[in-house]
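Enquirer: So the protein lines, in turn, are chains A and B. Just so we're aligned: 136 in numbering that gives the first Met the number 0 is position 137 of the first sequence, and the numbers increase by one with no gaps anywhere. Just so we're aligned: 177 in numbering that gives the first Met the number 0 is position 178 of the second sequence, and the numbers increase by one with no gaps anywhere.
2 protein chains.
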Amino acid sequence: MNYPFSAIRQSKVSEDIVEQIKTLIREGQLKPGERLPSERQLAQILEVGRSSLREAINSLAMMGLVEVRQRKGIYVGSVSASLISDPLRQLMASDRDMFTHLYDIRIDIEVASATAAAENRSTEQLGVIASYLASMQDTGHDHSYNPVSDLQFHLAIAEATGNFLRVHIIKEIFDIARSQLHTAIETITTLQGNIDAIFRQHSDIYKAIADKDPSGAGAAMGIHLQWVKSEVNTFL
Amino acid sequence: MNYPFSAIRQSKVSEDIVEQIKTLIREGQLKPGERLPSERQLAQILEVGRSSLREAINSLAMMGLVEVRQRKGIYVGSVSASLISDPLRQLMASDRDMFTHLYDIRIDIEVASATAAAENRSTEQLGVIASYLASMQDTGHDHSYNPVSDLQFHLAIAEATGNFLRVHIIKEIFDIARSQLHTAIETITTLQGNIDAIFRQHSDIYKAIADKDPSGAGAAMGIHLQWVKSEVNTFL
DNA sequence: GCCAGAAACTGGTCTGACCAAAAGATGGGG
DNA sequence: CCCCATCTTTTGGTCAGACCAGTTTCTGGC
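Written out as structure tokens, the structure reads:
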């Protein structure tokens with residue numbers, strides 16, 4: 000019964016497309032929130048019919064890897080959306096205790112990311128992390144705070160671990176946090192003392208990763224995020 | 000800001016079709032194994048274009064409610080037609096790399112859980128953890144392996160941290176793992192050496208939590224899950 | 001410089017055509 | 001009358017072109 004043959008299965012075009020895009024997302028070449036070319040363009044690029052392309056996009060949309068917005072475009076979605084089901088997400092936005100729990104999950108993953116990044120980061124990846132650290136501290140002579148660079152710094156660390164799910168989930172939680180806490184965050188990041196503290200903490204994280212010091216990196220990340228958490232809590 | 004209106008959402012044709020067929024199947028008017036009319040006929044009957052009909056069928060196929068056999072026809076799902084769609088599960092099952100990433104997320108969270116549990120566990124919670132540890136090692140004189148107690152042991156630790164999201168996510172990932180890896184898991188857990196190793200690792204985790212040794216608990220949990228991961232990988 | 005109107009673009013839908021494989025119909029030889 | 005090769009029809013898979021209804025972008029007149 001068990002022949003040494005594997006089934007010859009002529010793949011459907013749409014499945015090949017799904018596979019390709021899935022890989023691009025997994026490898027980080029397509030990042031969450033990024034917009035894909037339009038259906039017509041993509042079909043032309045991939046040299047397939049628009050119908051096949053649409054089938055593939057529908058599959059990806061159903062898996063949550065991609066989000067189709069009518070008359071706007073196709074966007075790389077967050078897989079974590081499936082892990083954190085929609086009703087749950089709404090709870091997060093409305094319930095502070097639940098949000099605290101969510102934030103702790105972020106800390107769990109980020110601490111692990113920093114640890115793993117310190118072990119495995121390539122010189123290239125370290126450069127990327129360094130560049131975001133620099134762009135965060137370079138924003139003008141006014142020492143202002145740039146939240147985008149902050150997020151990118153964290154995402155770059157997760158990306159250095161080679162696990163795209165970490166990147167997705169961290170970004171997801173960050174987005175929820177931003178939408179819920181933007182006033183608190185703004186207030187906090189106008190105080191020069193706090194900005195300096197954030198810079199220092201980020202530097203500590205970076206140094207540990209650069210020095211290939213896993214436990215140091217994890218600890219630094221933990222300290223940083225716990226500090227942020229406690230700061231935010233004072234404003235709630 | 001909060002008007003008493005609900006959003007007018009113009010439904011897509013394909014979604015309406017999905018809804019209709021789903022209802023027919025749920026009500027038993029379409030029975031498992033039964034063959035649906037061909038794409039062209041169905042499109043004509045429903046008075047929609049074939050492309051929309053195909054989109055709907057694809058959705059249903061992905062949910063497992065329907066099975067498309069090339070050049071043969073469309074059949075009502077014969078296996079578990081009542082199963083709800085689980086895109087994430089399907090995604091993980093279809094892609095081993097993604098599953099590995101998901102499993103790493105589990106490790107991130109469980110390591111953090113063990114660490115936090117060692118810090119915060121109450122005597123009561125420690126008792127719960129101990130009881131699952133005992134029930135795992137008590138299953139008969141045959142030293143057999145009880146996967147349910149194993150899971151409960153892990154969940155009890157997460158629960159001791161007071162963060163229900165950790166419990167939720169760990170269980171979710173565990174379920175996905177079990178559905179995908181049940182053969183590998185069964186094979187591994189029939190070897191007495193492996194069972195002994197699992198018992199020992201669980202005991203180490205428990206001891207560290209009982210001793211209120213956070214870093215020890217985290218390390219023990221990490222060793223345990225990495226061991227499981229590598230064991231499973233040898234069978235894949 | 002601003003803003004209304006036109007043009008280009010987006011995803012959603014429909015139609016008609018072709019392909020390759022499978023199933024069904026046909027027909028001629030035994 | 002039966003068998004099997006051949007032709008026809010049907011099936012899902014794919015492609016191309018067209019139209020729709022909103023969105024975005026460009027543009028020209030004020």
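The C-beta atom is built at its ideal place from N, Cα and C for all residues, glycine as well. All values derive from a computational prediction rather than experimental measurement.
If we ignore side chains and look at the alpha-carbon of each, how far apart do PHE98/B and GLN124/A end up?
Expert: To locate residue 98/B, count along the second sequence from 1; it is residue 99. To locate residue 124/A, count along the first sequence from 1; it is residue 125. Answer to the nearest angstrom: the Cα atoms are 23 angstroms apart.
Enquirer: Does the region 216–225 of chain A touch the region 121–137 of chain A, meaning 3 or more C-beta pairs lie closer than 8 angstroms?
Expert: Segments in contact, no.
Enquirer: At a cut-off of 7 angstroms, is ILE208/B close to the ligand PLP when judged by its beta-carbon and the heavy atoms of the ligand?
Expert: For the ligand PLP, the structure offers nothing, since it holds no ligand at all.
Enquirer: Counting contacts by CB-CB distance shorter than 8 angstroms, is ALA196/B in contact with chain A?
Expert: Reading the second sequence from its first residue, position 197 is the one you call residue 196/B. Closer than 8 angstroms: no.
Enquirer: Determine, for MET316/A, whether the minimum Cβ-Cβ distance to residues of chain B falls below 8 angstroms.
Expert: The requested residue 316/A is not part of the displayed model; chain A covers only 0 to 235.
Enquirer: Which residues share a DSSP beta bridge with VAL75/A?
Expert: For this step, residue 75/A is matched to residue 76 along the first sequence. VAL75/A pairs with VAL65/A.
Enquirer: Do ALA55/B and SER10/B have their CB atoms nearer than 8 angstroms?
Expert: Here residue 55/B corresponds to residue number 56 of the second sequence, with the count starting at 1. Here residue 10/B corresponds to residue number 11 of the second sequence, with the count starting at 1. Not closer than 8 angstroms, so no.
Enquirer: By a C-beta neighbour count over all protein chains shown, 10 Å radius and 16 as the cutoff for buried, is PRO36/A buried or exposed?
Expert: Stepping through the first sequence from its first residue, residue 36/A is reached at position 37. By the neighbour-count rule (16 or more Cβ atoms within 10 Å), PRO36/A is not buried but exposed.
Enquirer: Which residues does DSSP pair with ARG34/B in a beta bridge?
Expert: Position 35 of the second sequence holds residue 34/B. Looking at the DSSP assignment, ARG34/B forms a beta bridge with TYR74/B.
Enquirer: Below 8 angstroms on the Cβ atoms is my contact criterion, and I expect PRO213/A with THR114/A to pass it. Report the Cβ-Cβ distance as a whole number of Å.
Expert: Stepping through the first sequence from its first residue, residue 213/A is reached at position 214. Stepping through the first sequence from its first residue, residue 114/A is reached at position 115. Yes, they are in contact, since the Cβ atoms of PRO213/A and THR114/A sit about 5 angstroms apart, within 8 angstroms.
Enquirer: Excluding the 5 residues preceding and the 5 following PHE173/B in the sequence, name in chain order all residues of the same chain whose CB lies nearer than 7 angstroms to its CB.
Expert: On the second sequence, residue 173/B is found 174 positions in, with the first residue counted as 1. So the qualifying residues of the chain are LEU150.
Enquirer: Closest Cβ-Cβ distance between ALA174/B and chain A: below 8 angstroms?
Expert: On the second sequence, position 175 is the one that residue 174/B refers to. For the sequence presented, residue 174/B should be read as Asp rather than Ala. False, the Cβ-Cβ gap to chain A never drops below 8 angstroms.
Enquirer: Which residue comes first and which comes last in the alpha helix (DSSP H) that contains ASN119/B?
Expert: Walking along the second sequence from the start, residue 119/B turns up at place 120. From DSSP, the alpha helix (DSSP H) with ASN119/B extends over 95–119.
Enquirer: Hey, out of THR186/B, LYS170/B, ALA159/B, whose CA is closest to ALA209/B's CA?
Expert: Here the question's residue 209/B lines up with position 210 in the second sequence. With distances taken between Cα atoms, ALA209/B lies closest to ALA159/B.
Enquirer: I want to see whether chain B comes within less than 8 angstroms of ASP85/A, judged by CB atoms only; does it?
Expert: Walking along the first sequence from the start, residue 85/A turns up at place 86. Note that ASP85/A scores a pLDDT of 49, beneath 50, so its modelled location is shaky; the value from the coordinates is reported in the next line. Chain B contact via Cβ: absent.
Enquirer: Might you give, ordered along the chain, the residues of its own chain that have their beta carbon closer than 8 angstroms to the beta carbon of ARG49/A, omitting 5 neighbours on each side?
Expert: Locating residue 49/A in the first sequence gives position 50, where the first residue counts as 1. Same-chain partners within the cutoff: GLU38, ARG39, ALA42.
Enquirer: Going along the region 12–41 of chain A in order, which residues come within less than 8 angstroms of chain B, judged by CB to CB distance?
Expert: Per Cβ criterion, the list reads LYS21, ARG25.
Enquirer: Considering only the beta carbon of each residue, do TRP226/B and ALA196/B sit closer than 8 angstroms?
Expert: Indexing the second sequence from 1 puts residue 226/B at position 227. Indexing the second sequence from 1 puts residue 196/B at position 197. Yes, they are a contact pair.
Enquirer: Checking contacts by CB at 8 angstroms: is HIS100/A closer than that to chain B?
Expert: Numbered from its first residue, the first sequence carries residue 100/A at position 101. Yes, HIS100/A lies at the interface with chain B (some Cβ there is under 8 angstroms from its Cβ).
Enquirer: What number of angstroms, rounded off, separates the C-alpha of LYS211/A from the C-alpha of SER143/B?
Expert: Indexing the first sequence from 1 puts residue 211/A at position 212. Indexing the second sequence from 1 puts residue 143/B at position 144. If you take the alpha carbons of LYS211/A and SER143/B, they lie about 42 angstroms apart.
Enquirer: Considering only the beta carbon of each residue, do ILE20/A and LEU59/A sit closer than 8 angstroms?
Expert: Reading the first sequence from its first residue, position 21 is the one you call residue 20/A. Reading the first sequence from its first residue, position 60 is the one you call residue 59/A. Yes, the Cβ-Cβ distance between ILE20/A and LEU59/A is below 8 angstroms.
Enquirer: Based on Cα-Cα distance, which residue from ILE24/A, THR186/A, LYS30/A lies nearest to ASN232/A?
Expert: In the first sequence, residue 232/A corresponds to position 233, counting from 1. It is THR186/A whose Cα lies nearest to the Cα of ASN232/A.
Enquirer: Excluding sequence positions up to five away, which residues of its chain have a Cβ less than 8 angstroms from the Cβ of LEU29/B?
Expert: If you number the second sequence from 1, residue 29/B lands on position 30. Result list for LEU29/B: ILE20, LEU23, LEU35, VAL75, in chain order.
Enquirer: Using a C-beta to C-beta distance shorter than 8 angstroms, which residues of chain B count as neighbours of SER58/A?
Expert: The residue labelled residue 58/A in the question sits at position 59 within the first sequence. Those are ASN57, MET61, listed as they occur along chain B.
Enquirer: Given a threshold of 16 other Cβ atoms within 10 Å of its Cβ, counted over all protein chains shown, does GLY217/B qualify as buried or as exposed?
Expert: As a first step, residue 217/B is located in the second sequence; it is residue number 218 there, counting from the start. The residue is buried, with at least 16 neighbouring Cβ atoms inside 10 Å.
Enquirer: Are any of the Cβ atoms in chain B nearer than 8 angstroms to that of ARG95/A?
Expert: If you number the first sequence from 1, residue 95/A lands on position 96. By this cut-off, ARG95/A is not an interface position.
Enquirer: SER51/B touches chain A at which residues, Cβ-Cβ below 8 angstroms?
Expert: Working through the second sequence from its first residue, we reach residue 51/B at position 52. Neighbours of SER51/B on chain A: none; closest Cβ ~11 angstroms, over 8 angstroms.
Enquirer: Please tell me whether LEU164/B has its Cβ less than 8 angstroms away from any Cβ of chain A.
Expert: On the second sequence, position 165 is the one that residue 164/B refers to. Output row for LEU164/B: interface = yes.
Enquirer: Report the option in ARG95/A, ARG120/A, HIS153/A whose CA atom is closest to the CA atom of VAL110/A.
Expert: Translated into positions along the first sequence, residue 110/A becomes position 111. Nearest option by C-alpha distance: HIS153/A.
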